[in-house]
Structures are given as structure tokens and as C-alpha cells.
Amino acid sequence: MPTLPLVVNGRDFSLEVDPQTSLLTVLRDHLDLTGSKYGCGEGVCGACTVLIDGKAQRSCITRVGSVWPKTITTIEGLTSGEQLHPVQQAFLDESAMQCAYCTSGMIMSAVSLLNANHNPTERQIIDFMDGNVCRCGTYPRIVSAIQRAAKVMAGSPVAREASR
Amino acid sequence: MNEKPQAAIVLDPERYELSAEPLYHFDVDRREFFKLLGAGVLVYSALNRAVTQESGGAGHSWGDSLPKEIDTWLHIGENGRVIVYTGKVEVGQNIRTSLSQAVAEELHIAIDKIEMVMGDTQLTPFDMGTFGSRTTPTMNLQLRKVAAAARDLLVGLAAAQWQADRTRLVAADGRVGDPQTKRSVEYAALVKGQQLAASIPFDDPLVSATDWKIAGQSVHKVNGRDFVTGKHRYPSDLKLPDMLHGKVLRPPSFGAALLSLDTQKAEQMGVTVVHDGNFVGVAAPSTPLAERALKSLHAEWKSERQPSHDELFQYLKKNPENGNDPTGDGDRFAVGNVDQALTSTDHKLQQTYSVSYIAHVPLEPRAALAKWEGDNLTVWTGTQRPFGVRGQLAEAFRMPEERVRVLMPDTGSGYGGKHTGETAIEAARLARAAKRPVKVVWTREEEFSWAYFRPAGVIDVTSAVHRDGTLTAWDFHNYNSGSAGIRTYYEIPNQRIVFHPTKSPLRQGSYRALAATANHFARESHMDEVAHSLKMDPLEFRLKNLKNERLRAVFEAAAKRFGWEKPKSEPEQGFGMGGGYEKLGNIATFVEVHADLKTGEVKVVRVVSAFECGAIVNPDNLRNQIEGSNVQGLGGALFEAIAFDNGKILNGRMSEYRVPRFSDTPVIETVLLDRKDLSSAGAGECPMIGLAPAIANAIFDATGVRLRSLPLIPNGLKAS
Numbered sequence: 174m175p176t177l178p179l180v181v182n183g184r185d186f187s188l189e190v191d192p193q194t195s196l197l198t199v200l201r202d203h204l205d206l207t208g209s210k211y212g213c214g215e216g217v218c219g220a221c222t223v224l225i226d227g228k229a230q231r232s233c234i235t236r237v238g239s240v241w242p243k244t245i246t247t248i249e250g251l252t253s254g255e256q257l258h259p260v261q262q263a264f265l266d267e268s269a270m271q272c273a274y275c276t277s278g279m280i281m282s283a284v285s286l287l288n289a290n291h292n293p294t295e296r297q298i299i300d301f302m303d304g305n306v307c308r309c310g311t312y313p314r315i316v317s318a319i320q321r322a323a324k325v326m327a328g329s330p331v332a333r334e335a336s337r
Numbered sequence: 002m003n004e005k006p007q008a009a010i011v012l013d014p015e016r017y018e019l020s021a022e023p024l025y026h027f028d029v030d031r032r033e034f035f036k037l038l039g040a041g042v043l044v045y046s047a048l049n050r051a052v053t054q055e056s057g058g059a060g061h062s063w064g065d066s067l068p069k070e071i072d073t074w075l076h077i078g079e080n081g082r083v084i085v086y087t088g089k090v091e092v093g094q095n096i097r098t099s100l101s102q103a104v105a106e107e108l109h110i111a112i113d114k115i116e117m118v119m120g121d122t123q124l125t126p127f128d129m130g131t132f133g134s135r136t137t138p139t140m141n142l143q144l145r146k147v148a149a150a151a152r153d154l155l156v157g158l159a160a161a162q163w164q165a166d167r168t169r170l171v172a173a174d175g176r177v178g179d180p181q182t183k184r185s186v187e188y189a190a191l192v193k194g195q196q197l198a199a200s201i202p203f204d205d206p207l208v209s210a211t212d213w214k215i216a217g218q219s220v221h222k223v224n225g226r227d228f229v230t231g232k233h234r235y236p237s238d239l240k241l242p243d244m245l246h247g248k249v250l251r252p253p254s255f256g257a258a259l260l261s262l263d264t265q266k267a268e269q270m271g272v273t274v275v276h277d278g279n280f281v282g283v284a285a286p287s288t289p290l291a292e293r294a295l296k297s298l299h300a301e302w303k304s305e306r307q308p309s310h311d312e313l314f315q316y317l318k319k320n321p322e323n324g325n326d327p328t329g330d331g332d333r334f335a336v337g338n339v340d341q342a343l344t345s346t347d348h349k350l351q352q353t354y355s356v357s358y359i360a361h362v363p364l365e366p367r368a369a370l371a372k373w374e375g376d377n378l379t380v381w382t383g384t385q386r387p388f389g390v391r392g393q394l395a396e397a398f399r400m401p402e403e404r405v406r407v408l409m410p411d412t413g414s415g416y417g418g419k420h421t422g423e424t425a426i427e428a429a430r431l432a433r434a435a436k437r438p439v440k441v442v443w444t445r446e447e448e449f450s451w452a453y454f455r456p457a458g459v460i461d462v463t464s465a466v467h468r469d470g471t472l473t474a475w476d477f478h479n480y481n482s483g484s485a486g487i488r489t490y491y492e493i494p495n496q497r498i499v500f501h502p503t504k505s506p507l508r509q510g511s512y513r514a515l516a517a518t519a520n521h522f523a524r525e526s527h528m529d530e531v532a533h534s535l536k537m538d539p540l541e542f543r544l545k546n547l548k549n550e551r552l553r554a555v556f557e558a559a560a561k562r563f564g565w566e567k568p569k570s571e572p573e574q575g576f577g578m579g580g581g582y583e584k585l586g587n588i589a590t591f592v593e594v595h596a597d598l599k600t601g602e603v604k605v606v607r608v609v610s611a612f613e614c615g616a617i618v619n620p621d622n623l624r625n626q627i628e629g630s631n632v633q634g635l636g637g638a639l640f641e642a643i644a645f646d647n648g649k650i651l652n653g654r655m656s657e658y659r660v661p662r663f664s665d666t667p668v669i670e671t672v673l674l675d676r677k678d679l680s681s682a683g684a685g686e687c688p689m690i691g692l693a694p695a696i697a698n699a700i701f702d703a704t705g706v707r708l709r710s711l712p713l714i715p716n717g718l719k720a721s
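Here it is in C-alpha cells:
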């Protein structure tokens, strides 16, 4: 089996793995980064979303051999020390979750959106996030959380409590 | 428990999965057989299976047996942590938070001192399962009583220590204090890590809902940080040293029988291969290797012709069965003389409604990790019934329940779909052969084909009404879908309401709100049809026939917020309503749609739900549940349906089975009616039931097209 280089959350790895293996399997089974979830296996639910060079990608349909030298960020790499990313904090502040199995994929997609568009409209949020499924149906809260995070990241004041 | 023992729990007949035959019959070798006789194991019969499992098997009985000892439920550690034990489980309904609030409220301690141990059959008291919206009315109340009793005990301990009059001592913020002497002591220092050895008194007063300080507040998810950081381990995330990954061979269609199996290639791969009765599975150090080994198995199957979705509704009407019905002759309610009232009426309406099979699609598929240590089995699995799954494992492996431990980490949702333990049994069977821990995680395709579905059904309704809008007769027949919510809350002197069990082409079982969704769809659509036929306002017609004050209140509150009287702003706009009573909650949902007959497009624009479930425990979480019910309910109302033919699911992938997404989601407004004078009830199910009829009624309002089958518009308005 060939040795593959991989950069995940700022760390360099060298893995003995079939390059055809999905990135999701490698993250979960080889690196024990289980924050990225399996939901559909065909890239249509978004639970497995990670950032590859800052852009949201579905890790379940990404071959691990196709990634290097790009860098991967998973939900585990989003915090800096104890400090939550503003999107993570906004999901807590808006209670934008129920079972929360979709949450890490939602957060990674939202970070990708806000990386590219600092001040998205509601329509742009819905269009960008439409590939992520929340079966518990917390979509309106997730939209609110992304709007809140955008404000925080822009340095604008945000109401302390959830807006609802 | 302090309350009177309940009579035998009556299970809704549409919980078909609970009375089903076991999926697997493992062969028992000679050595095991003698061991098993020695253990004196109870062998279940199919007839008493559901009853036995629901009462927890030998040694438990539900209702009169909630343990009375405080220390069974609650322990205060020397470090000041309060550990609370409950057999209920967390699948996203946020009861870890709401139950923590209940304990914090009655124990008079900060909520962050509380740690809930949930759904661990070794540590928590027996619980029949987390379903039927029973956590809030039963467990929330029980834990409040436990915490109140513990607080009294702590005050007593302080009084004895200080030789003070206990009536003047005050318990607050985790301490007992004496206002006279200004002394105070932490709970932990009073208990010193000892068990709280006392019983829960019969009539200990609880904090009135009007005085709640922690309960009644919008507390955020208590372990929310673990979820936004990816730290929480769901069942599918668990890992043990030396663990193998298991895969199970599935038949090509339902009911197919295995004729022959060649495992030679798989065995040459160095993986564990198990063929035991109708079970075939493999376990390997990696998932890709397990998948390759599974593919290398050569199996021949024999299938029999089975019905397809095209003939589903005729099939249900033509294939009666009473095997799953606990009463034997259908769930039946009758008052007055329906036949006479229907023949003597000046205004009769007869219509047929139907609902398709739909899938739960929990985003986390079924998963289990099993480990054997000698004859003892431990399984971590995502199930709403850890004690039920313990019983299934004990039955499958012919061992006493005492040697089986089932643990349920907070799981990626269930919606009624995770009541059974097949994944646990599969992992345990493979682990026994491999002599190593084995994890089985179902693929999405396995979830779609081998879990169970919400029952399909046909509902015939015939009604009679006076010209003034007074209902006189109601003849309501539900075939297969179930009896939850089947009774009408409208005042009608002559009624006949019957649930008819039938055979089912697909495996079916519990789904959030059970048949209440189907029965309310039929009833609330029919009410709308009658109102229109009389040229009466649908709200006025409902209220004319409705006495129930709680239900009237939610209809009136929702109508007010919605603006029911407002004129339409465009011809494609339609307004509709639906509502009802279920699982001790009252809901009214009003909907605005934009429905265009020319393009066939239907968009649900706005939903207003008014809900009342007694005293509200956590307002924001309640809103979250109501919003989620409406979003999830959109799928079954508009487009979700399982397509099948000859024993095969035709749309068993996420790319083929449409679930609601961001772009489907309307503006959702919730109106909460907080009845602090009433006991708190659950809210995970009832809020869902008003949506589908409200949408159907709104589509009719916009277009004049009456849709009577769920989903309403799987292919848009024109094609349906």
C-alpha cells in the first residue's frame, strides 16, 4: 500500500492507505476525527462536510489520494484553544440544533460561505446551504445562526440572547 | 412510585415493530444448548413478545414499579456533582436539558451541577423506552419528585447536624442555610458521598409552575459545546481497541430465502465470516476490507412475487388481518346510530383519503458496537429502547438479561425509527465469532430497505351534517395506518370509528406522531370539504362543532396570529388550517401556500402553529420542536413516499428520496399557550399533525383542486 501525505487541521500525516479510500473514512477510521459524519455516502446530505483549502467539500465522495497538497480543516480544527469559532458560538446562541448530527457539516459549510461572502443575504444563505440536510428541521435557526455569526465576524453588535 | 399503579399499558397497534417476530434465529450448538438449559431461560412466544418486552421481560412490570428509593435515581458526589439516572434517552428532543432543569428546580441547585446518566441498562432504572411523548409527563414529574425528596432529606440532615428546627432552614443554590444563625452547608458536605437512603414520600409538594426559576426557562442544550466542536461521540463514532468493522449480507428483495452460499473467497481474505441460520455477515479490521469481503460472497436467493406501490391502496383494503391488533377485532368506537343518521340526512359526504409509506431517514443510521467478555455482552447502540434491545439480545443469544448491558450515547435522531435492536444483534453475533469487539453501522441504503416504515393507509370517511353546520354523523374507517388520533374531538351524536388492521407489503412500525398524522389529515381535510360544501367558513364550521376549550383556544390563537380574516393579495395564494389533540397536547396550524396551476408549483410560504401542552418547561426548546415538526412534516405532506416493486425499494438513497431542505422551509411562527395550571406534556409529536391537512386545505383554497392522498404533490400540482 502506498504512503500518502495529508495535512489535517495544521498537522502533517503520512498514511498507508489505498488512495481510492474516501477522505471521510480516513478521517474517521485512521485519524479518529469523528466529528465529520456519514449520512448518505453520495455527497447529498452534507454531514461529512470539511474544508479543503477553505472551501466546503463532501468528504464522503472525495478520494483521499486526490487531496494533497491541499489542506484539510475538520470541525475539530475550527476552535483555537478554548475559543469557539464565531459560527460555532452562533449555533449555540441560537440553539440551532436538535440531535446535532448534522451540526458539524452545517458549521463547516457556513464557515465556507462566510469565508467567501462576509455578508450573505438570507437568499444566499439558503442557496449555499441547500446541500446540507437537517432531519430535525432546524433550518430557520441555522439561517439565524449564520446571520449572527456574520455580524460577529464583521465586528457588529449582536443581541445577547437569541433573537426569537 | 407514589401514583396509583397504572393498568397495563395499551400500546398503539401501529407500533408493529414491537410485536414482530425476531429477525434472526441463530442456531445453537450442542455445548451452548446445555448451558442454556442450565440457565433456565424463558422462551418467549410470539404472542406475548410485545407485552413481555414492553414490561421489560421477567422481573419488571411497568407502572407500579418505578423504584421508590431516592438513591436509585439521584446521587450527590463528594465533589458536589449531582448524578441523575434515567432510562430515557436523548435523540435530539433535548430531554437531557429539560430533565436537568426539572432536577435543578426541585433540588434548588445550579443546572451545571447536574449530570444525567441516560439509557444505560446497568446503571439506570428500567424504562420501557423513549417514545409516545411520555418523557415530560412521566419522567420529568418523577425526577421532580425525586429531587424534592432529596432536598427534604438534605434539610433534615442539616437540622439533625445543627440540632435546629428544620422548618426554619432554607435550601438554596446547592446549600442548606439557617437564616437565624447564618450557618450554611453545601449539599455535598451533608451527604459525604453516601447514598440518599430514603423513599420518595407520597405527597411531597412540588414547586408550583408559577414559581419556577430554572424550569420554565429557555435553557440552552446542556452539552451543546460537545456538539459544535465535534467532540461528542455518537454510537457510530465509538471505537474500542482491536475493534473490527462488520457488514451484513442483505437479500436482494424482501422475503427472499437463501438457497446457497459460497464464502470461500471471503475466507481467503482473512476476515471473519459468519453464516448462522438466516444471518450472513463479515467482520474485518477496516470498513473497505469488510465491504470487499461482503461483495465476494456468492449467494443464490429464491424470491416470491410481491405487491408494488401501484396496487398498495387496493391491497390494503383487500387484505385484512387481525394478527397485530391487541384487541383482536380492530380498535372500535361507536356511539348513537350512524347508519340511521346517514340515511336520514339532507347532506352527506363520503370521501377516501390515503397515506403512503415514508421513511424516518434519521441522519445517523443505525449503529452498534458489541463486546463480549466471557459470557457477558455489552452493546453501545442508538436505540430509543435500550431495555427493549437488551431483551432482544438476551432472546437472540439465549442468555439472561442480567448478562447483557446496553448503553445509549446521545444519538443522531430516531423519530420512532430506532425502537428495535437488529444492528445490536448483528454486531454481537459477529463479535462472538471474531472474539473481538465489532461495530456495525448501516449504510444509508440499508436504512432505507431494512429498517421499518411509517405504515401506509387508506381512510374512508362518511359524514352527515345539518344545513346549519351541525355535524350529525361520522363514520370513519382506517385501514392499516393505525389508531392513534383516530377519535374525533368534534361533537357528533352518531359515530362509528374503526381501525382495520391489514397485511402490509413492507415492514412497518412506529413513526413520530404515529397514525395521528394520517387520521388528522383525513379528519381535518374532510371538515374542510364539508365546510366548503355548506359554503361556511372552515374556522366557523370547526368552532361550531367543537366544545373542547383547550382546542378552541389554539384554533383561535393561531387564527388571530395568522390573520385568517385577511383578504388574499393574489389569486395563487391559499389559506388553510388543520389541528387537533394528541399525546396530551393541542395544536392548530394555519398555512399560506402559493399554488400555481399553470406551472404546477406549490410553495408553502408561511406556517403559524399555536400549541398548548400544559406548563411549558423550556419555551425555546418547545419552539424548536414545533418548528422541527413542521419542517419534517413538510416532507410527508408534500413529496415523501417510498416507491417499491416486487420486494425492492426503488428510491432507497438520499439522492432518490427527497427530504425537506433549506429551500423548502417556510416562515414558521409559533404561538405558545402556557397553561401553568396544567401538568406539562410532551411536544415531540403533536405539533406535526396539523400541517398536512392545513396544506391540502390551502391548496384547495388557492386552486379548487382537492388532494386526498399523502404526499400531496410528489410530482407537482399538474401531474398529481
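As you go down the protein sequences, you meet chains Z and A in turn.
Our numbering puts the first sequence at residues 174 to 337.
Our numbering puts the second sequence at residues 2 to 721.
In this text, a Cβ means the ideal position worked out from N, Cα and C, and glycines have one as well.
If you're wondering where the values come from, they're calculated on a predicted model, not measured in any experiment.
Near residue 432(A), what residues of its chain come up, given a Cβ to Cβ distance below 7 Å and the 5 sequence neighbours on each side ignored?
-> Here residue 432(A) corresponds to residue number 431 of the second sequence, with the count starting at 1. For residue 432(A), where only same-chain residues beyond five positions count, the Cβ hits under 7 Å are 371, 372, 373, 438 and 439.
Sufficient close CB pairs (3 or more, under 8 Å) joining the segment 374–392 of chain A to the segment 483–497 of chain A | no
Of all the options 707(A), 278(A), 252(A) and 282(A), which has the alpha carbon lying nearest to the alpha carbon of residue 264(A)?
-> Locating residue 264(A) in the second sequence gives position 263, where the first residue counts as 1. The shortest C-alpha separation from residue 264(A) is found at 282(A).
Identify each residue in the segment 645–657 of chain A for which the Cβ-Cβ distance to at least one residue of chain Z is less than 7 Å, and report them in chain order.
-> 654, 655 and 656
Pick helix, strand or coil for residue 317(Z), following the three-state DSSP scheme.
-> In the first sequence, the residue the question calls residue 317(Z) occupies position 144. In the structure shown, residue 317(Z) sits in a helix (DSSP, three-state: H, G or I).
Where residue 184(Z) falls: helix, strand or coil (DSSP) | Looking up residue 184(Z) in the first sequence gives position 11. If DSSP states are grouped into helix, strand and coil, residue 184(Z) belongs with the strands.
Simplified DSSP assignment, three categories, for residue 323(Z) = Position 150 of the first sequence, counted from the first residue, corresponds to residue 323(Z). Three-state result, residue 323(Z): helix.
Does the Cβ of residue 279(A) have 16 or more other Cβ atoms within 10 Å, making it buried, or fewer, making it exposed?
-> Within the second sequence, numbered from 1, the residue matching residue 279(A) stands at position 278. Its Cβ having fewer than 16 others within 10 Å, residue 279(A) is exposed.
What are the start and end residues of the beta strand (DSSP E) that includes residue 369(A)?
-> Translated into the one-based positions of the second sequence, residue 369(A) becomes position 368. Element bounds for residue 369(A): 368–374.
Contact under 7 Å by Cβ, residue 209(Z) with residue 244(Z) = As a position in the first sequence, residue 209(Z) is number 36, starting the count at 1. As a position in the first sequence, residue 244(Z) is number 71, starting the count at 1. Contact: no.
Should residue 456(A) go down as buried or exposed, given a rule of 16 or more other Cβ atoms within 10 Å for buried?
-> Counting from 1 along the second sequence, the entry for residue 456(A) is found at position 455. Buried: at least 16 other Cβ atoms inside 10 Å.
The segment 276–291 of chain A: positions lying closer than 7 Å to chain Z by Cβ = 287, 288 and 289
Tell me which same chain residues have a C-beta within less than 6 Å of the C-beta of residue 719(A), skipping the five on either side of it?
-> Taking the first residue of the second sequence as 1, we reach residue 719(A) at position 718. 601, listed in sequence order.
Who are the near neighbours of residue 191(Z) in its chain, counting only those whose CB is closer than 7 Å to its CB and skipping five residues on each side?
-> Counting from one through the first sequence, the residue named residue 191(Z) turns up at place 18. Cβ within range, chain order: 174.
Do residue 303(A) and residue 343(A) come within 7 Å of each other at the CB atom, strictly closer than that value?
-> As a working mapping, residue 343(A) is identified with position 342 in the second sequence. As a working mapping, residue 303(A) is identified with position 302 in the second sequence. In this structure, residue 303(A) does not lie closer than 7 Å to residue 343(A) by Cβ.
Contacts that residue 235(A) makes with chain Z (C-beta to C-beta distance below 7 Å) | In the second sequence, counting from the first residue as 1, residue 235(A) sits at position 234. Per Cβ cutoff of 7 Å: 274.
Burial state of residue 666(A), where buried means 16 or more other Cβ atoms lie within 10 Å | Indexing the second sequence from 1 puts residue 666(A) at position 665. Classification for residue 666(A): buried.
Buried or exposed: which applies to residue 668(A), given that a residue is buried once 16 or more other Cβ atoms fall within 10 Å of its Cβ?
-> For the purposes of this step, residue 668(A) is identified with residue 667 of the second sequence, where counting begins at 1. It is exposed - the Cβ of residue 668(A) has fewer than 16 other Cβ atoms within 10 Å.
Residue 82(A), DSSP secondary structure in three states = Numbered from 1 along the second sequence, position 81 holds the residue referred to as residue 82(A). Coil.
How far does the alpha helix (DSSP H) with residue 157(A) in it reach, from first residue to last?
-> For the purposes of this step, residue 157(A) is taken as the residue at position 156 of the second sequence. First-last of the alpha helix (DSSP H) with residue 157(A): 142–163.
Indicate whether residue 252(Z) and residue 196(Z) have their beta-carbon atoms separated by less than 7 Å.
-> For the purposes of this step, residue 252(Z) is taken as residue 79 along the first sequence, with counting starting at 1. For the purposes of this step, residue 196(Z) is taken as residue 23 along the first sequence, with counting starting at 1. Contact: no.
What's the C-alpha gap between residue 777(A) and residue 498(A)?
-> Residue 777(A) lies beyond the range of chain A shown here (2 to 721); nothing can be said about it.
Using the rule of at least 16 other Cβ atoms within 10 Å of the residue's Cβ for burial, across every protein chain shown, is residue 16(A) buried or exposed?
-> Indexing the second sequence from 1 puts residue 16(A) at position 15. Buried, by the Cβ-count rule.
Closest Cα partner of residue 459(A) within the set 443(A), 435(A) and 317(A) = Position 458 of the second sequence, counted from the start, is the residue given in the question as residue 459(A). Minimum Cα distance to residue 459(A) is reached at 317(A).
Check whether the Cβ atoms of residue 696(A) and residue 518(A) lie closer than 7 Å to each other.
-> By 1-based counting over the second sequence, the position of residue 696(A) is 695. By 1-based counting over the second sequence, the position of residue 518(A) is 517. No, the Cβ-Cβ distance between residue 696(A) and residue 518(A) is not below 7 Å.
Name the chain Z residues whose beta carbon is nearer than 7 Å to that of residue 240(A)?
-> By one-based count along the second sequence, residue 240(A) stands at place 239. Those within 7 Å of residue 240(A) in chain Z are 205.
Where does the unbroken alpha helix (DSSP H) through residue 396(A) begin, and where does it stop?
-> For the purposes of this step, residue 396(A) is identified with residue 395 of the second sequence, where counting begins at 1. Residues 387–397.
Listed by chain order, chain Z residues near residue 92(A) by CB distance under 7 Å | On the second sequence, residue 92(A) is found 91 positions in, with the first residue counted as 1. Simply 272.
Compare the C-alpha of residue 211(A) against each of 672(A), 617(A) and 623(A) and name the closest.
-> If you number the second sequence from 1, residue 211(A) lands on position 210. The option with the nearest alpha carbon to residue 211(A) is 617(A).
Under a Cβ-count criterion, where at least 16 other Cβ atoms within 10 Å of its own Cβ denotes burial, should residue 313(A) be classed as buried or exposed?
-> Taking the second sequence and counting its residues from 1, one reaches residue 313(A) at position 312. With 16 or more Cβ atoms within 10 Å of its Cβ, residue 313(A) is classed as buried.
Between the Cα of residue 543(A) and those of 567(A), 575(A), 490(A) and 368(A), spot the shortest distance and give me the residue it belongs to.
-> Counted from its first residue, the second sequence places residue 543(A) at position 542. Measuring from the Cα of residue 543(A), the nearest candidate turns out to be 490(A).
Do three or more CB pairs link the segment 648–657 of chain A to the segment 569–585 of chain A at distances below 8 Å?
-> no
Check residue 715(A) in the structure and name its three-state DSSP category.
-> As a position in the second sequence, residue 715(A) is number 714, starting the count at 1. DSSP places residue 715(A) in strand when its eight states are reduced to three.
When DSSP labels each residue in this structure, what does residue 302(Z) get in the three-state scheme?
-> Indexing the first sequence from 1 puts residue 302(Z) at position 129. Helix.
Output yes or no for whether 7 Å exceeds the beta carbon distance between residue 722(A) and residue 313(Z).
-> With chain A covering only 2 through 721, there is no way to say anything about residue 722(A).
With contact counted as at least three CB pairs below 8 Å, one residue from each stretch, are the segment 222–234 of chain A and the segment 357–370 of chain A in contact?
-> no
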